[in-house]
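In our numbering, the protein residues as written are 1 to 198.
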C-alpha cells in the first residue's frame with residue numbers, strides 16, 4: 001500500500017502542484033475486476049475536456065500497475081487532487097490504458113474553493129467490460145458489431161458508473177459530499193484460462 005500511495009501522491013502533485021494545502025478532493029479508486037483482467041490503470045485529468053476526445057496535454061497523468069510488489073498498486077487506493085482555485089470542473093478519466101479503451105470511467109468534478117475536501121469513489125465494474133452485440137438500445141462505435149458496455153455508454157454521451165450502468169459524467173454535490181465506500185468484492189470466475197482482457 002505504501003507504493004500505491006507514493007504513485008498516487010505523484011498524480012496529485014501533477015494535478016496542481018505540491019504544497020501544504022489540503023487536497024480539494026480525495027478520490028478512492030476500486031474495482032471488482034481481478035488484476036488478470038485489468039493489469040494496468042491509467043489516470044488522467046484536465047480542465048475543459050470531455051474525457052473522450054484525444055488530448056495532447058493534461059493536468060495530470062499516471063499509469064498504475066496492479067500487483068503485490070513494492071512497485072505495484074493494490075486497489076482500493078486513494079489519492080488527492082487539488083484544483084486551481086477557479087471553481088472550474090476538472091475531468092478525471094480512469095481507463096485500462098488501451099489506445100481505444102474497452103473500459104473507461106469519466107468523472108467531471110467541480111472542486112470546492114472554500115477549503116473543504118470533496119470525497120469521490122470511483123469503481124471500475126466488471127459489468128462495464130461485458131461484451132454484447134450492437135442493438136438500437138445498446139449502440140457501439142462505428143463499424144463494431146459488438147462492444148463493451150463502457151464503449152456503448154460513451155456512444156450515448158455517458159460513462160459506465162460505479163454500479164455498472166450508464167450514467168452522466170458530472171458528479172452531483174451530494175455525490176461529492178458522500179463518505180467514500182470502496183468495499184468492493186472481486187467478481188468470481190474472471191481469470192479462467194484464455195479469458196480475454198476487456
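Idealized CB from N, CA, C, for every residue including glycine. The model shown is predicted, which means the values in this text are computed figures rather than measured ones.
Query: Run through the segment 29-76 for me and flag every whole beta strand (DSSP E) of 3 or more residues, listed as ranges in chain order.; Result: 40-47, 60-65
Query: Of all the options 54, 133, 137, which has the alpha carbon lying nearest to the alpha carbon of residue 144?; Result: 133
Query: Measuring straight from C-alpha to C-alpha, what distance separates residue 36 and residue 82?; Result: 32 Å
Query: Rank 138, 56, 49, 91 by C-alpha distance to the C-alpha of residue 25 and give the top, closest one.; Result: 91
Query: Using beta-carbon positions only, say whether residue 103 and residue 130 come within less than 7 Å of one another.; Result: no
Query: Please state if the CB of residue 170 and the CB of residue 108 are separated by a distance shorter than 7 Å.; Result: yes
Query: Answer yes or no: the CB of residue 128 versus the heavy atoms of the ligand MG, is any distance below 6 Å?; Result: In the structure on display, the ligand MG does not appear, and there are no ligands present to speak of.
Query: Are three or more beta carbon pairs between the segment 60-77 and the segment 37-44 nearer than 8 Å?; Result: yes
Query: My guess is that residue 156 and residue 139 are in contact by the Cβ rule of under 8 Å, so how many angstroms apart are they, rounded?; Result: 7 Å
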